[in-house]
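Start counting the sequence shown at 223; every next residue gets the next number (our numbering).
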Amino acid sequence: QQTKRTFPLICGGMIREASKSHPVFNKYSGEEIGRVGLATRDEISECFELANNSVDKMANTRPHERAEILKHLHHLMSSNSKELAEIITAEAGKPIVGSEVEVTRALATLSDGIKEAESATPDGVWREFTSAAGRYSLLSRRFPIGVASFVTPFNFPLNLAMHKIVPAIASGCPFVLKPSEQAPLSAVRLGELLSETNMPDGSFSVLPCDTVDASLFSENERIKVISFTGSPKVGWYIHGQAKRKKVVLELGGNAACIIDKNIDDIDHVVDRVLFGSFFYAGQTCISVQRILVHESLHDEFCEKLQKGAEKWNSNQGDPFNRSTLLGPLISEKEAMRVEEWVNESVSHHGGNILCGGKRNGSIYDATFITDVDTKGKLWTHEIFGPVACIHKFSNFKDAIDMVNDSEFGLQAGVFTNDLQKSFYAFENLEVGGVVINDVPGARVDVQPYGGVKSSGCGREGVKYAMEDLTEIRVMVSKEISKMKE
223 QQTKRTFPLI CGGMIREASK SHPVFNKYSG EEIGRVGLAT RDEISECFEL
273 ANNSVDKMAN TRPHERAEIL KHLHHLMSSN SKELAEIITA EAGKPIVGSE
323 VEVTRALATL SDGIKEAESA TPDGVWREFT SAAGRYSLLS RRFPIGVASF
373 VTPFNFPLNL AMHKIVPAIA SGCPFVLKPS EQAPLSAVRL GELLSETNMP
423 DGSFSVLPCD TVDASLFSEN ERIKVISFTG SPKVGWYIHG QAKRKKVVLE
473 LGGNAACIID KNIDDIDHVV DRVLFGSFFY AGQTCISVQR ILVHESLHDE
523 FCEKLQKGAE KWNSNQGDPF NRSTLLGPLI SEKEAMRVEE WVNESVSHHG
573 GNILCGGKRN GSIYDATFIT DVDTKGKLWT HEIFGPVACI HKFSNFKDAI
623 DMVNDSEFGL QAGVFTNDLQ KSFYAFENLE VGGVVINDVP GARVDVQPYG
673 GVKSSGCGRE GVKYAMEDLT EIRVMVSKEI SKMKE
């Protein structure tokens, strides 16, 4: 595990000792694991100015140069993968096996970025057409939009940072990143590694800061695009205040999973639902929260879920222990909130606890609840904890309607062997992604990822994020190939 140190600021690509810092704690033991520098308001403004001054330098890098920067970063991260995984587990409380997977995914995101950077040639798209006014040729090409502002959450502190900075580098955009104050160290370490590459001077910064200063990451007039991952309340507020800035939001959800009657292997489905509900203590925006089971399977499915949850609850504890399945929430305050929501639901809105329902410090049991009021908080709000609610259905179309009866729409899972039902779900579910025969938490990092309704706008995935970081410009030429005699 990590040696304590004070992590610096990364200002314009340079490592800088901060004038103030605050401690970061191990989310399981409560011990201080290090300190992180906090940027002042002046330093935040300075870094946006540095980014703005580097717009031309970044835009003028060639595709192969951007790819080489990403390749160098890939090498540096691969060489430090063990350290990065340990930082994630210490600062975010994620079980170490999950942290190792996150590092692997971050490297895969980098590999995808390398391919996209290399394919981002200046040739663009050439078209010819004839109109009443004569013969025209069109050349369209994407150009970097300018300064990007990125804000990332605690739950995937490395890979979600990668999903922002990799497309920025591949597109030729300078950026300033604000990581979560709850888990900032892995992003700062990433910034340290990036400072060893050939990124142009001034082109990037990684700046943890006090919450009161976070508004500068959306208000600064140098910003051309904001990409925010976090709570719907904050995200939509930023969207409303953005004025002429482009905004990409990846927000929350109350992801649903439908289990149809014609599945082949119920035990496999149970295992996937358990993982989808309780991985990282349910602290993902596509964690399974609403489970809709066909009535013919309901009782057997609940029995198997109950038995499976017992295994998760018997393997609670230190996330550095490789046998731990269920670690802490990001804070005891969050665990207490989950406890309050469950108790309120059971006491006032119906609902029967099938298993779990207890808190021990910052750890909350893996919990399934049946017969929950579909108008109550546990069904309609994002829990962001290891709690999932179960309802039965008899008609597949009714199950689709129940999923859609939500203000959110990020991803949904559908277990079925009926091809027609798969396409019906794809065409009718009001979500950004439909996952067939797996849980909604199954995310492929190259996919266009994002939500509809209150779950956000825009898409992640390197190729798709690059569209928001660039603007199309067209050159129209009249009779360019016509020669005079």
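Just so it is clear, CB atoms sit at the ideal spot from N, CA and C, and this is done for glycine as well.
Model, not experiment: these values are computed from the prediction.
Is the beta carbon of residue j closer than 8 Å to that of residue i?
{"i": "residue 632", "j": "residue 392", "result": "no"}
{"i": "residue 361", "j": "residue 696", "result": "yes"}
{"i": "residue 649", "j": "residue 577", "result": "no"}
{"i": "residue 488", "j": "residue 526", "result": "yes"}
{"i": "residue 420", "j": "residue 291", "result": "yes"}
{"i": "residue 259", "j": "residue 276", "result": "no"}
{"i": "residue 538", "j": "residue 585", "result": "yes"}
{"i": "residue 688", "j": "residue 338", "result": "yes"}
{"i": "residue 523", "j": "residue 663", "result": "no"}
{"i": "residue 682", "j": "residue 673", "result": "no"}
{"i": "residue 503", "j": "residue 406", "result": "no"}
{"i": "residue 579", "j": "residue 564", "result": "yes"}
{"i": "residue 226", "j": "residue 256", "result": "yes"}
{"i": "residue 399", "j": "residue 427", "result": "yes"}
{"i": "residue 397", "j": "residue 370", "result": "yes"}
{"i": "residue 549", "j": "residue 315", "result": "yes"}
{"i": "residue 375", "j": "residue 452", "result": "yes"}
{"i": "residue 546", "j": "residue 317", "result": "yes"}
{"i": "residue 677", "j": "residue 658", "result": "no"}
{"i": "residue 366", "j": "residue 280", "result": "yes"}
{"i": "residue 394", "j": "residue 283", "result": "yes"}
{"i": "residue 471", "j": "residue 680", "result": "yes"}
{"i": "residue 447", "j": "residue 690", "result": "yes"}
{"i": "residue 273", "j": "residue 449", "result": "no"}
My guess is that residue i and residue j are in contact by the Cβ rule of under 8 Å, so how many angstroms apart are they, rounded?
{"i": "residue 692", "j": "residue 288", "result": "Not a contact, Cβ separation roughly 13 Å."}
{"i": "residue 313", "j": "residue 379", "result": "7 Å"}
{"i": "residue 510", "j": "residue 499", "result": "4 Å"}
{"i": "residue 357", "j": "residue 652", "result": "Not really, about 45 Å apart at Cβ, beyond 8 Å."}
{"i": "residue 494", "j": "residue 660", "result": "6 Å"}
{"i": "residue 423", "j": "residue 235", "result": "6 Å"}
{"i": "residue 245", "j": "residue 254", "result": "5 Å"}
{"i": "residue 711", "j": "residue 359", "result": "Residue 711 falls outside the range modelled here, since the chain spans only 223 to 707, and no answer is possible."}
{"i": "residue 340", "j": "residue 296", "result": "13 Å between Cβ atoms; not a contact."}
{"i": "residue 403", "j": "residue 232", "result": "Their Cβ separation, rounded to whole angstroms, is 16 Å, which puts residue 403 and residue 232 out of contact at 8 Å."}
{"i": "residue 588", "j": "residue 535", "result": "5 Å"}
{"i": "residue 241", "j": "residue 262", "result": "7 Å"}
{"i": "residue 384", "j": "residue 464", "result": "Contact doesn't hold; Cβ gap of about 24 Å is too wide."}
{"i": "residue 306", "j": "residue 325", "result": "5 Å"}
Would you mind working out which of the options sits nearest residue i, comparing C-alpha positions?
{"i": "residue 438", "options": "373, 412 and 339", "result": "373"}
{"i": "residue 266", "options": "451, 431, 572 and 492", "result": "431"}
{"i": "residue 418", "options": "241, 237, 402 and 616", "result": "237"}
{"i": "residue 490", "options": "387, 655, 596 and 637", "result": "637"}
{"i": "residue 474", "options": "395, 230, 508 and 231", "result": "508"}
{"i": "residue 566", "options": "452, 327, 599 and 375", "result": "599"}
{"i": "residue 386", "options": "597, 352, 306 and 469", "result": "469"}
{"i": "residue 457", "options": "675, 553, 229 and 699", "result": "675"}
{"i": "residue 250", "options": "571, 679 and 310", "result": "310"}
{"i": "residue 606", "options": "555, 597, 626 and 656", "result": "555"}
{"i": "residue 505", "options": "656, 302 and 552", "result": "552"}
{"i": "residue 408", "options": "280, 299 and 654", "result": "299"}
{"i": "residue 271", "options": "349, 462, 624 and 444", "result": "444"}
{"i": "residue 544", "options": "323, 574 and 464", "result": "323"}
{"i": "residue 629", "options": "252, 596, 618 and 269", "result": "596"}
{"i": "residue 513", "options": "624, 647, 690 and 619", "result": "624"}
{"i": "residue 542", "options": "264, 321, 583 and 684", "result": "321"}
{"i": "residue 604", "options": "455, 350, 247 and 230", "result": "455"}
{"i": "residue 647", "options": "622, 627 and 269", "result": "622"}
Taking only beta-carbon positions, decide if residue i is within less than 8 Å of chain B.
{"i": "residue 250", "result": "Among the protein chains of the structure shown there is no chain B, as only one such chain exists."}
In chain order, each alpha helix (DSSP H) run of at least 4 residues that lies wholly inside the stretch 602-687 | 618-626 and 641-650
Contact between the stretch 611-621 and the stretch 591-602 (3+ Cβ pairs under 8 Å) = Of all C-beta pairs linking the stretch 611-621 to the stretch 591-602, three or more are shorter than 8 Å, placing the two stretches in contact.
In the stretch 414-492, which residue ranges form an unbroken beta strand (DSSP E) of at least 3 residues, counting only runs that do not cross its ends?
-> You should have 426-428, 447-451, 468-472 and 478-481.
Ignoring anything shorter than 3 residues or poking outside the stretch 334-390, list the beta strand (DSSP E) runs there in chain order.
-> 347-353, 356-366 and 370-373
Specify whether the stretch 518-534 and the stretch 481-490 touch according to this definition: at least 3 beta carbon pairs, one from each stretch, less than 8 Å apart.
-> yes
Starting from the N-terminal side, write out each stretch of the beta strand (DSSP E) that is 3 residues or longer and does not extend beyond the stretch 518-553.
-> The stretch 518-553 contains no complete beta strand (DSSP E) run of 3 or more residues.
Do three or more CB pairs link the stretch 660-669 to the stretch 329-336 at distances below 8 Å?
-> yes
Contiguous alpha helix (DSSP H) assignments of at least 4 residues, all confined to the stretch 550-579 | 554-570
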